[in-house]
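Numbering (my numbering), first residue to last: 18 to 113. Everything below concerns the one structure shown next.
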Amino acid sequence: MRRFYERAPFPDYPPRATLSWLRARAERSEFARLIDRAIPGNARVLEIGCGTGQMSLYLARADRVIIGADLTRESLRLAVEAARRFELDQITVHRN
Numbered sequence: 018m019r020r021f022y023e024r025a026p027f028p029d030y031p032p033r034a035t036l037s038w039l040r041a042r043a044e045r046s047e048f049a050r051l052i053d054r055a056i057p058g059n060a061r062v063l064e065i066g067c068g069t070g071q072m073s074l075y076l077a078r079a080d081r082v083i084i085g086a087d088l089t090r091e092s093l094r095l096a097v098e099a100a101r102r103f104e105l106d107q108i109t110v111h112r113n
């Protein structure tokens with residue numbers, strides 16, 4: 018699994034993706050909306066298997082602190098780049 022996702026991290030971010038695009042895309046998922054509503058605004062969230070971090074970035078609202086963990090370095094690199102681009106400094110990622 019790790020080797021596969023190191024070569025093909027998924028999902029990727031389109032070159033012109035914005036935070037509003039990411040949130041609008043996530044909100045099309047009933048699962049994402051339910052999780053967002055269930056987690057208090059001041060929570061600490063640990064997402065195991067965060068991949069490229071799209072759910073983590075979506076949940077980075079209010080005063081939530083998000084910690085993402087994944088097996089693949091390349092996926093985490095994309096997550097870190099997106100968090101920087103969207104100026105979400107309450108997100109950290111770790112390789113497990």
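For each residue, glycine too, the CB sits at the ideal point set by N, CA and C. As the structure is a prediction and not an experimental result, all values here were calculated from the model.
Simplified DSSP state of residue i, which is helix, strand or coil
i     : result
ILE52 : helix
LEU63 : strand
ALA96 : helix
Cut-off 6 Å between Cβ atoms - residues of its own chain near residue i, not counting five sequence neighbours on either side
i      : result
HIS111 : ALA86
SER92  : TYR22, PRO26, GLY68, THR69
ALA104 : The sequence given here places Glu at residue 104; Ala does not occur at that position. Nothing listed; no residue qualifies.
ALA43  : ALA49, TYR75
Proximal residues to residue i (C-beta, below 8 Å), its chain only, five neighbours per side dropped
i     : result
PRO28 : GLY68, THR69, GLN71
Same chain, Cβ closer than 7 Å to residue i, five either side skipped, listed in chain order
i     : result
ARG90 : GLU23, ARG112
Proximity below 8 Å, CB of residue i to CB of residue j
i     : j     : result
VAL82 : ARG61 : yes
Legend entry - At least three beta-carbon pairs within less than 8 Å, the stretch 72–85 to the stretch 46–57: They touch, by the three-pair rule.
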